[in-house]
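Chains A and B supply the protein sequences, listed in that same order.
Read in this note's numbering, the first sequence has 371 at position 371, and its numbers run on one by one without any break.
Offset between the second sequence (1-based) and this note's numbering: plus 1000.
Note that the Cβ used here is the ideal one computed from N, Cα and C, for glycine as well.
What follows is a set of notes on a single structure, which appears directly below.
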Amino acid sequence: MRPAQQITRRAFVTASATAAGGLLVSLYLDRPLRAQQVPVPGQNPRIYPPDAFIELRPDGKIVIQVNRLEFGQGVQTALPMLLADEMDADWSQVAAELAPAADIYRDPVRGIQMVGGSGSIATSFQQYRELGARTRAMLVAAAAERWKVAPEQCRTEASVVRGPAGQSATYAELAEGAARIPVPATVQLKKPADFRLVGKRVRRLDSRPKCDGSQRFGLDLDVLGMKVALVAHPPVFGARPKTVDDTAARGLTGVAQVFEIPTVSGGTAVAVVADKFWTAKQARDQLKIEWDLAAVERPDSAQLWATYKQLAGTPGNVAVTRGDQTSLDALASGDRLVAEYEFPFLAHSPMEPLNTTVRFDEGRAEVWAGSQFQTVDQAAIAEVLGLKPEQVTFHTEMAGGGFGRRATADSHVQREAAEIAKRVPGTPIKLIWTREDDVQGGYYRPMHAHRVEVGVGPSGLPVAWRHVVVGQSIVTGTPFAAFMVRNGVDRTAVEGVADTDYAIPNFHVSVHHPTPNVPVLWWRSVGHTHTAFVMETLIDELAARAKMDPIAYRRRLLNPDAKKLRAALDLMEEKSAPWRAKLARNHAAGIACHECFGTAVACAVDVSIENKRPRIHRATVAIDAGLVVNPLSVEAQCQGALVFGLSQLMANGAITLKDGRVEQSNFDRYTPPYIVDAPVAVDVHIVPSIENPTGCGEPPVPVISPAVVNALSKLTGKRYRTLPLLTV
Amino acid sequence: MAPATYELTVNGQKRSVTADPGTPLLWILRDELKLTGTKYGCGIAACGACTVHVGGVATRSCVVPVSLIGDRPIVTIEAISQDPVGRAVQDAWVSHDVVQCGYCQSGQIMSAVALLKRNRKPTDKNIEESMGGNICRCGTYVRIREAIKMAGAQP
């Protein structure tokens, strides 16, 4: 840590950014997060300097830098909790700030500064605890020096060090002395039983400013001299204008400039720079652009489905194979089941539309953005502007949701903002994507077709399983491909199937990755969004066919070592049993369980049909995410993730293309769940654990849709294999 | 159209703005008056992030042109704490840890305050009707329900 003013943040960031190191090593390892075990104490090769993360102010305030974007997931509270607990800080004095892009703030495991894969707590658990413990040790050493006692004779509590003879000093008083103490190489971390904050229901640090309008998001930024930019994007990805008539647009008062810029997908767009949003919007509306669509592929959903379904009938690149692949064909036709599924493109639609502010000056730039990939975006902006990354000061702004949308390997929004800023040096440019730009702008959860052939044994359990997945690769063509694509298989397309915990002896999963002209991206819980739906609806169907209880059936089929899933399933069963036993007339219970990024979630829902739509009266969720830092936050993430997962079932829950153009443009036709579409009540139960923490932002997403349609199937007798759910 | 000058009453203060008559109130608040607590989410009154009170009525400011405001007073999230119901709703939101990303919550709170001013004991159905146009992409709806009920129960 450092006393205030000892070193300015900018000086520090500049120093650390120019230091060597920090390669893009891995985002996901072989088994996401499961492989990313938190290093055991003493084995972490890196000692993070407390002064980059902690500021002790004279008034007692403790300001902690959070090395992640906060966009709802609660990391801005959870990481400071870890640090403050080990530091024995008074929680009421703790404040958090989102750290700028800098080498020191890169993810300790993944090598880039990022949020993704629900890994923030998993990969920074050790880091933030050690930071707190080291800081505490330095404060104690400073006190011991002052009182001429041994550090072991001192104890700490609530930001105060107490000595053996009744001496006491606050952390703020000791800060200057502590800053001169060398950072200890090793520190003792607390045993879980000694935690004071970790494991407690701690309210978010950012609630009040988000309730009184004072929280600034990226879109709210107001920099002196700033102008607003809107961009007319090509109606088909990668297209270019044939002619641009900007006479009317330029004629509007307040319009500064109109010019063409290159797009990441190889096309050309038209940027409008104006004094304010509404001026820019009107000017963009008045552009007359004739687009050249002849040179670009014009994807069409209907045609894509035809191709995808045909591909699903042929074997693809093998993701996993075990057992005897002829056993399926040897079964009698009555013991075989074929299921074909369709999943559309999905937009993330975070509530805060995408935006980035860039000011380009001679030899440097300053950026404000809510980014999940700060160092990646920083480097991309630098490249556009002909700068080195360390010449780009990158402020992390609070973001209004993201769900993966602010984690683009090609940094297309930031590049666009930089292209515009490059043309108007010295003027801060706030690039705003309207909702229409966002809905039509690509970077969707890819559409997928699945075809599954299942052979059922005499016990009613599946004995053979042949599964073909068809969908675009998310990571091909990005730096992530090096370790996420093997043998032509993008693991994000088959996660949740290829690594299923259901013990199916003869098992074969293959994948086709078509390459239509649509940019795609990870959407909260990534491949699990579709794979869990297939697995959990099919398993439910098999249970019904075997006339077995769906929970008991799953328990029989799960690998014995699937401990987390079993624990979550057991807890969900116990907690939902009372209401499942007395369902109202015309209600049905549906269940699902799934493991995602090392976290297991089981869910039960009470569903009826109202106005031809599923009405979810209640959901019970059980989650095993290892040691839980903030149960209140886990509860909130589970509740919210269910609603996000329900996006898939909304009648208007699909992005479709016709002749190359996206058919939806706003929430009227691409509609996220409203309050009436969400569960009325959600109770969340956490499996007690002191195992290494895993994430909870994404893992509860995949279970809700299959749980709901499993209930619907009970009510209607129909099976639901095409999303979105147009009719019940 | 040519810009015109409008005398607005915003959060109890007279504010004079000169703008194109068609400019939505949302962008008057955000870009002219620097009241950025009111959010842009969709621009078509489909998400409720821009909800403010105009003449005491919860209104989607993204589709109301400034020229149609007249002398109706405007209240935004920045001043809602001065209203006892507004304060109770904000406190209930904090106490229930409702927010996640928080971007939609100004609009949620403004809708909730309008509801509770009419009905201090809303049923789930009342809540769904009044809050039915406010999207929360983080999915905080169950906590919103609880917080509304708690705020309504305040004396």
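Exercise. Give a yes or no on whether the C-beta atoms belonging to residue 92 (chain A) and residue 1099 (chain B) are separated by under 8 Å.
Key: no
Self-check item: Euclidean distance between Cα positions of residue 728 (chain A) and residue 608 (chain A)
Solution: About 11 Å.
Quiz item: Counting only beta-carbon atoms, is residue 204 (chain A) nearer than 8 Å to chain B?
Solution: yes
Self-check item: Inter-residue spacing [alpha-carbon to alpha-carbon] between residue 750 (chain A) and residue 134 (chain A)
Solution: Not covered by the structure: residue 750 (chain A). The range shown for chain A is 1 to 728.
Quiz item: Taking C-beta to C-beta, are residue 274 (chain A) and residue 248 (chain A) nearer than 8 Å?
Solution: Note that the C-beta distance between residue 274 (chain A) and residue 248 (chain A) is not below 8 Å.
Exercise. State whether the region 391-400 of chain A contacts the region 215-222 of chain A, with contact taken as three or more CB pairs (one from each stretch) at a distance under 8 Å.
Key: Judged by Cβ distances under 8 Å, the region 391-400 of chain A makes contact with the region 215-222 of chain A, as three or more pairs qualify.
Self-check item: Three-state class that DSSP yields for residue 1006 (chain B) in the structure shown
Solution: strand
Quiz item: Hey, how far is the Cα of residue 52 (chain A) from the Cα of residue 71 (chain A)?
Solution: Note on geometry: alpha-carbon atoms of residue 52 (chain A) and residue 71 (chain A) lie some 22 Å from one another.
Quiz prompt | Alpha-carbon to alpha-carbon, residue 1061 (chain B) and residue 1006 (chain B) | solution = Looking at the two C-alpha atoms, the distance is approximately 16 Å.
Quiz item: Going by beta carbon distance, what residues of the same chain come within less than 6 Å of residue 559 (chain A), once the five residues before and after it are set aside?
Solution: Once the five neighbours on either side are set aside, the close Cβ partners of residue 559 (chain A) are 501 and 503.
Exercise. Mind checking who residue 403 (chain A) pairs with in its DSSP beta bridge?
Key: According to DSSP, residue 403 (chain A) bridges with nothing at all.
Practice problem: Let me know if residue 148 (chain A) comes out buried or exposed under the rule of 16 or more other beta-carbons within 10 Å of its beta-carbon. | Solution: exposed
Quiz item: Would the beta-carbon of residue 229 (chain A) fall within 8 Å of that of residue 54 (chain A)?
Solution: no
Quiz prompt | Sufficient close CB pairs (3 or more, under 8 Å) joining the region 364-373 of chain A to the region 683-690 of chain A | solution = No, because fewer than three Cβ pairs between the region 364-373 of chain A and the region 683-690 of chain A fall closer than 8 Å, the two stretches do not touch.
Quiz prompt | Where residue 586 (chain A) falls, given that 16 or more other Cβ within 10 Å makes a residue buried | solution = exposed
Exercise. Answer with yes or no whether the minimum CB distance from residue 435 (chain A) to chain B is below 8 Å.
Key: yes
Quiz item: Does DSSP classify residue 40 (chain A) as helix, strand or coil?
Solution: Confidence at residue 40 (chain A) is low in this model, with a pLDDT of 41, below 50, so its placement is unreliable and no value can be given for it.
Self-check item: Length-filtered (3 minimum) beta strand (DSSP E) runs lying within the region 301-386 of chain A
Solution: 317-322, 336-343, 355-361 and 364-369
Quiz prompt | Span of the alpha helix (DSSP H), counted from its first residue to its last, around residue 125 (chain A) | solution = Its alpha helix (DSSP H) spans residues 120-147.
Exercise. Please list the segments of the beta strand (DSSP E) lying wholly inside the region 467-541 of chain A, counting only runs of 3 or more residues, in order along the chain.
Key: The region 467-541 of chain A contains these whole beta strand (DSSP E) runs: 506-512.
Exercise. Return yes when the Cβ of residue 1039 (chain B) is within less than 8 Å of the Cβ of residue 1049 (chain B), no when it is not.
Key: yes
Quiz prompt | For residue 657 (chain A), the residue or residues it bridges with in DSSP | solution = The partner list for residue 657 (chain A) (beta bridge, DSSP) reads A:662.
Practice problem: Tell me, please, whether the region 265-280 of chain A touches the region 1019-1027 of chain B by the rule of three or more beta-carbon pairs shorter than 8 Å. | Solution: yes
Self-check item: Boundaries (first-last residue) of the beta strand (DSSP E) holding residue 431 (chain A)
Solution: 429-432
Quiz item: According to a CB-to-CB cut-off of less than 9 Å, which residues of the region 670-684 of chain A neighbour chain B?
Solution: 671, 672, 673, 674, 675, 676, 677, 678, 679, 680, 681 and 682
Quiz prompt | Contact under 8 Å by Cβ, residue 374 (chain A) with residue 101 (chain A) | solution = yes
Quiz prompt | Of the listed residues A:186, A:599, A:597 and A:618, nearest to residue 591 (chain A) (C-alpha basis) | solution = A:618
Quiz prompt | Where residue 182 (chain A) falls: helix, strand or coil (DSSP) | solution = coil
Quiz prompt | Element boundaries [beta strand (DSSP E), containing residue 242 (chain A)] | solution = 240-245
Exercise. Residues of the region 206-217 of chain A with a CB closer than 9 Å to any CB of chain B: list them in chain order, please.
Key: Residues 206, 207, 208, 209, 210, 211, 212, 213, 214, 215, 216 and 217.
Quiz item: residue 1083 (chain B) CB to nearest chain A CB: under 8 Å?
Solution: no
Quiz item: For the alpha helix (DSSP H) that residue 437 (chain A) lies in, which residues bound it at each end?
Solution: 435-440
Exercise. Using a Cβ-Cβ cut-off of 8 Å, state whether residue 1119 (chain B) counts as contacting chain A.
Key: no
Quiz item: In the region 605-626 of chain A, which residues sit with their C-beta less than 8 Å from some C-beta in chain B, listed in chain order?
Solution: Of all residues in the region 605-626 of chain A, none has a Cβ within less than 8 Å of some Cβ in chain B.
Practice problem: Inspect the beta-carbon positions of residue 356 (chain A) and residue 413 (chain A) and report whether they are closer than 8 Å. | Solution: yes
Practice problem: Output, in sequence order along the chain, the residues in the region 1035-1049 of chain B whose CB is closer than 8 Å to any CB in chain A. | Solution: 1035, 1036, 1037, 1038, 1039, 1040, 1041, 1042, 1043, 1044, 1046, 1047 and 1049
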